[in-house]
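Shown next, in structure tokens, is the structure this report addresses.
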Amino acid sequence: MLGKVLIYFFILFFSLSVYAFPTNSIYNLDLKLVDKSGKVLNLHDLSGKVQILSMIYTNCKTICPIIIANMKAIERIVLLEKFKNINFSLISLDPDRDSVDILSKFFNDKKMDSSRWNLYKTSKEDTLKLALTLGIKYKKEKNNEYTHSNLIIILDKQGVIKMHHQGLDKNFDHVIKLLSQLD
Amino acid sequence: MFNFYILIFLFFNLFFSYVKASDKDMVLITSGEYTPLFKYGDVSDSSKVYVKSFMINKYPITNLQFKHFILNNPKWDLDKVGYIFADKNYLSHWENVDLDSISNYPVVNVSWFAADAYCSYYGLRLPTIDEWEYVASAGINNPNGRDEANYLQDILDWYINSQVSKIVCINSMTKNYWNVFGIHGVVWEWVSDFNSVILLNTDAEGGGLEELLYCGATATNAIDPADYVAFMRFAFRNALEANYTSSSLGFRCVKNVG
């Protein structure tokens, strides 16, 4: 009898630990992503790794390249420090123009390492939901460019937002300190 | 706490949920142009925004309607919603209150996610900033409230003196030119794209409202009072988060026509 109860609790605990994210995790959002190779996945499939992510669009000529350059600078420190569980994700703010092919080409042009990096897009509605959840503001201007927050966001393995780093800030000390705790 | 008869009433209404959300609660807003914030001084055509025709709820969504939605969508019950979707004040005004007594008052303490889910459930959506501002720019007797003597002063008085206790039931709201009730003077309302208000931390490519406001204002050295009223709404939206709830923030829904 006691054995049965223990097994029941074990199963309950196990199932909770696998499927339930903290209530402040962004992985509670039920939305689908398409990556740069056309693969469809759930947002919560990003769980299990620390995610360093930002929302950008490939036509963006000034700010987005700096955000990506700064994420690459973080990547170099991550490699030096031998952190193992850090991924880099970029999600398009412009799903109309950023097709899978364009994302794929952008990925190659920027020489991103596919063992750590990926590019994603989602539907227009879910782009808004994701941006709202991440605290990213954006606005489509009349010239089809976007005004947007330049933020690098750090999620722990459970999808809880741990840091909003200003995308243009080149001092990564507090980022690295956080990553060493989360890795 | 919750009146038994109301429950029976709601139970019957479960079967008519789609009927209830139908056109009879909505009014048609015909297409037109409006001049958004900070552009009043600019008389060129490029400052105007064209808004397509749409239908909008006559009244803000009420506590009764929202309760009805939750009975159909239990995951939006206040003890089931995760923090990422609604902060801890979500529907807090329902605690220790006879819901019967506030059933016809606008629902408040709802997050963007909850408001969005409500509208989606009925095949509707939240209005965009442009749609909401277009409706709100109307006076009592004509589509441009700025032509009416008390339009700006009344809104300004409300912004300065607004108190939670002043929330009124939908039957005592005033209507505007479009037959839309309580768009001003009752509660603030969610819009779908509130995060497109960018005052700080912006990508330099688009300019950003901060520049328009501060640089523009000092350059002309004159601020239209209409700008001030609209600016308060924009500043409020700029401070919002999608899981944020407030005792003076409700919503209404819209739908496309044609």
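Going line by line, the protein sequences match chains A and B.
If you want our numbering, it's the 1-based position in the first sequence plus 11.
If you want our numbering, it's the 1-based position in the second sequence plus 880.
Built from N, CA and C at the ideal position, the CB exists for glycine as well.
- Closer than 9 angstroms at the C-beta level to chain B, one finds these residues of the segment 140-159 of chain A: K140, A142, L143, T144, G146, I147, K148, Y149, K150, K151, E152, K153, N154, E156, Y157, T158, H159.
- Residue-level contact by beta carbon fails for S115(A) and chain B, as no gap is shorter than 8 angstroms.
- Residue contact with chain A for S1076(B): present (Cβ-Cβ distance below 8 angstroms to some residue of chain A).
- Distances from the CA of H159(A) to each of L193(A), V45(A), I102(A) were compared; the closest alpha carbon is that of I102(A).
- DSSP, reduced to helix, strand and coil, places T158(A) within a strand of the structure shown.
- Going by beta carbons, L40(A) and L54(A) fall inside the 8 angstroms limit.
- DSSP places K168(A) in no alpha helix (DSSP H); its state is neither H nor E.
- With contacts defined by Cβ atoms closer than 8 angstroms, I85(A) and V186(A) form a contacting pair.
- Proximity of chain A to E1121(B) at the Cβ level (cut-off 7 angstroms) is accounted for by G146, in chain order.
- Residue nearest to K72(A) within the set K43(A), I172(A), N129(A), N155(A) is N155(A) (criterion: CA-CA distance).
- Residue pairing of I909(B) in beta bridges, as defined by DSSP: F934(B).
- Counted as a single uninterrupted DSSP element, the beta strand (DSSP E) harbouring K132(A) occupies residues 128-132.
- Taking the CA atoms as reference points, K132(A) sits about 16 angstroms from Q62(A).
- Annotation for G1065(B): W1038 place their beta carbon closer than 6 angstroms to its own, counting only its chain and skipping 5 residues before and after.
- Taking one beta carbon from each stretch, the segment 973-982 of chain B and the segment 1112-1124 of chain B have fewer than 3 pairs nearer than 8 angstroms; the two do not touch.
- Within chain A, no residue has its CB atom less than 9 angstroms from the CB of Y1031(B), the nearest being about 27 angstroms off.
- Chain A places no beta carbon closer than 8 angstroms to that of G1025(B), leaving this residue out of the contacts.
- Under the 8 angstroms criterion on CB atoms, N81(A) is classed as non-interfacial with respect to chain B.
- The C-beta of N182(A) has fewer than 16 other C-beta atoms within 10 Å across all chains shown, which makes the residue exposed.
- Y914(B) sits in a strand when the DSSP states are folded into three classes.
- Counting along the chain, F949(B) sits inside no beta strand (DSSP E); it lies in the alpha helix (DSSP H) bounded by residues 943-952.
- Counting the other Cβ atoms within 10 Å of the Cβ of K148(A) gives 16 or more, which makes it buried.
- Of all residues in the segment 950-970 of chain B, the ones placed with a Cβ closer than 8 angstroms to any Cβ belonging to chain A are G962, Y963, I964, F965, in chain order.
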